[in-house]
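Visitor: Before we start, here is the structure in question, set down as structure tokens.
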């Protein structure tokens, strides 16, 4: 099985080359066209990323995130969400890397087999970096007006966090 896995990428490349040759497609110009399109996409996304990453860092460094998590803790407790996951719920829609770091801190402090640790892991695996995805994909597609995308995505994030906590409580609570 491991031999098959190690041959997967070369086989895909070979089949792609054979398919292109059979169809009469010139492979190198097609490859260059794809590379040019990829670079245009990176060019369009770059300004958004330059703004997004420092903003996330400043949010964490300022302590505003910790204060917001402290304020939200009573509401989260009423919803059945472990209060320790507040920072994860606030960070996940903005940044995957910082959310992963927050989840690692929760798991380290509460334990991987604790209800809180499992809830953090399920929240992390079930949710998406909403603002990052909207910024990257809408930026790549040159869509300027997001209209209802952000509110709908944030509602989906809230549903994920609440249902993750409830399911974890049901399974391991």
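Residue numbers (the working numbering): 2 to 174. All residues carry an ideal CB built from backbone N, CA and C; glycine is no exception.
Spatial neighbours of residue 127 within its chain, please: C-beta separation below 7 Å, excluding the five flanking residues on both sides.
Guide: Answer for residue 127: 161, 165, listed in chain order.
Visitor: Is the beta carbon of residue 89 sitting closer than 8 Å to the one on residue 103?
Guide: Yes.
Visitor: Since residue 131 and residue 94 should fall inside the 8 Å C-beta cutoff, what is the C-beta to C-beta distance between them, to a whole number of angstroms?
Guide: Contact holds; Cβ gap of about 4 Å.
Visitor: Is it true that the CB of residue 117 sits closer than 8 Å to the CB of residue 83?
Guide: Contact flag set, yes.
Visitor: Determine the direct distance from the alpha carbon of residue 53 to that of residue 140, and round the result to whole angstroms.
Guide: When rounded, the distance between both Cα atoms is 13 Å.
Visitor: For the alpha helix (DSSP H) containing residue 72, list its first residue and its last residue.
Guide: Looking at the DSSP string, the run of the alpha helix (DSSP H) that includes residue 72 is 65-80.
Visitor: What is the C-beta distance between residue 137 and residue 46, in whole angstroms, given that I count them as a contact (C-beta under 8 Å)?
Guide: With a Cβ gap of about 5 Å, residue 137 and residue 46 count as contacting.
Visitor: Please state whether DSSP places residue 1 in a helix, a strand or coil.
Guide: Because the chain is modelled from 2 through 174, residue 1 falls outside the range shown and cannot be assessed.
Visitor: In terms of residue numbering, what span does the alpha helix (DSSP H) encompassing residue 158 cover?
Guide: Where residue 158 is concerned, the enclosing alpha helix (DSSP H) stretches over 150-173.
Visitor: When you compare the CB positions of residue 66 and residue 60, do they come within less than 8 Å of one another, or not?
Guide: In contact: residue 66 and residue 60 (Cβ atoms closer than 8 Å).
Visitor: May I have the straight-line CA-CA distance separating residue 40 from residue 49, to the nearest angstrom?
Guide: Taking the straight line joining both Cα atoms gives about 15 Å.
Visitor: My guess is that residue 86 and residue 124 are in contact by the Cβ rule of under 8 Å, so how many angstroms apart are they, rounded?
Guide: Correct: roughly 6 Å between the Cβ atoms.
Visitor: Does residue 114 pass the burial test, meaning 16 or more other C-beta atoms within 10 Å, or should it be called exposed?
Guide: Exposed, because fewer than 16 other Cβ atoms sit within 10 Å of the Cβ of residue 114.
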